[in-house]
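Here's the structure we're looking at; comments come further down.
Residue numbers (this note's numbering): 1465 to 1820.
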């Protein structure tokens, strides 16, 4: 867990996100599951499965930012890839509600499972992803203009002059100025922070409604990280973009997100508004995450996380609570019953734990 001192201390200015959650949600996820087969072969069915994402449900409002946090391997990135259709779910439902009056299809609600063929291109115009690694997510042989204008070309948006103007506009918007000086440069000529700004520009150039940001600041230095976070907030406000923000850093999630969902071994174990979750964590795993964040004051000491053992295997996990082996509050009831369902313990604060 990275230090909170590495990011701006001011919480998200958009606060609770009450306006974003009014009315119909932009994204509604119900029972989302993704299993990856282990073993097997061309003539033999797999006998085991990795439960990367297991019965995950949440909603995301228009213009809202939801942080998905947890340690490495908990399924955060897999959820993001499922939402942008880079992976297909094993089970569950993902519904999108796009209110764009210029939509080329009549449907207001889109079922992810039914988005295929020509409809997929229209879906890509509304849903984009910012990848974690700005070094690997760009073709080093292409210019910055080629990289950013490609979505416009794929979508058939405008002529060459329109695309040049649009790329210049978005480069200015993400802080790469003078924009004309960047058009025909290559990725290796840019710093890490500049490359990530190009990645953000590429995702936003076609004005999507929803963006999955997969740890977009984790590979940046401290000064670049603060600038990119501030930029993404400004663009969310200006363009009305909703974010699913995947991160392992609670300090980043606090600054960026209206709400936070905590994942453990493919399950969401707690979900609440950001400040509520940080002030009043209820699940033992969330408490352990918060206690592991280093304090910027060397004179202060924080009690060590009260958990035991190592992360359990996600291959064919038992039906009981995923956190049972490491939980300091585990009881016989937890052992004998299936994984607890998400329950609302206070308004807007959901927890999956029998002992809370």
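Glycine included, each C-beta is placed from N, C-alpha and C at the ideal position.
Three-state secondary structure (DSSP) at residue i?
i, result
"residue 1777", "coil"
"residue 1594", "strand"
"residue 1727", "strand"
"residue 1810", "strand"
"residue 1805", "coil"
"residue 1707", "strand"
"residue 1576", "helix"
"residue 1548", "coil"
"residue 1662", "helix"
"residue 1543", "helix"
"residue 1654", "coil"
"residue 1474", "In this prediction, residue 1474 scores a pLDDT of 36, lower than 50, which makes its location untrustworthy; no coordinate-derived value is stated."
"residue 1482", "Its pLDDT being 34, under 50, residue 1482 is placed unreliably in this model, and the value from its coordinates should be taken loosely. Residue 1482: coil per DSSP, three-state reduction."
Locate the alpha helix (DSSP H) running through residue i, then write down its first and last residues.
i, result
"residue 1694", "1686-1703"
"residue 1647", "Unbroken run through residue 1647: none, as it is neither H nor E."
"residue 1715", "1714-1720"
"residue 1798", "1796-1800"
Per DSSP, which residues does residue i bridge with? Please list them.
i, result
"residue 1505", "1508"
"residue 1498", "1517"
"residue 1557", "1494"
"residue 1522", "1493"
"residue 1757", "In the DSSP output, where bridge partners are listed per residue, residue 1757 has none listed."
"residue 1820", "Paired residues: none, contrary to the question."
"residue 1815", "1734 and 1807"
In terms of residue numbering, what span does the beta strand (DSSP E) encompassing residue i cover?
i, result
"residue 1530", "1529-1533"
"residue 1678", "1674-1678"
Q | Stretch-stretch touch, CB-based, cutoff 8 angstroms, three pairs: the region 1719-1730 with the region 1530-1541 | A | yes
Q: Specify whether the region 1620-1639 and the region 1677-1688 touch according to this definition: at least 3 beta carbon pairs, one from each stretch, less than 8 angstroms apart.
A: no
Q) Which runs of the alpha helix (DSSP H) fall wholly inside the region 1729-1754 and span at least 4 residues, in chain order? A) 1738-1743
Q: Please determine if the region 1659-1677 and the region 1690-1704 are in contact, where contact requires at least 3 C-beta pairs separated by less than 8 angstroms.
A: yes
Q. Any chance the region 1765-1783 sits against the region 1704-1718, with 3 or more Cβ pairs inside 8 angstroms?
A. no
Q) Which residue spans inside the region 1581-1640 form an unbroken alpha helix (DSSP H) run of at least 4? A) 1582-1590, 1608-1619 and 1624-1637
Q: Count the CB pairs spanning the region 1509-1522 and the region 1725-1732 that are closer than 8 angstroms, and state whether there are at least three.
A: yes
**Q.** Three or more C-beta pairs below 8 angstroms linking the region 1544-1552 and the region 1584-1604
**A.** yes
Q) Are there three or more Cβ pairs, one per stretch, closer than 8 angstroms when the region 1808-1817 is compared with the region 1744-1751? A) yes
Q.
Assess contact between the region 1759-1767 and the region 1782-1795, defined as three or more Cβ pairs (one per stretch) separated by less than 8 angstroms. Is contact present?
A. no
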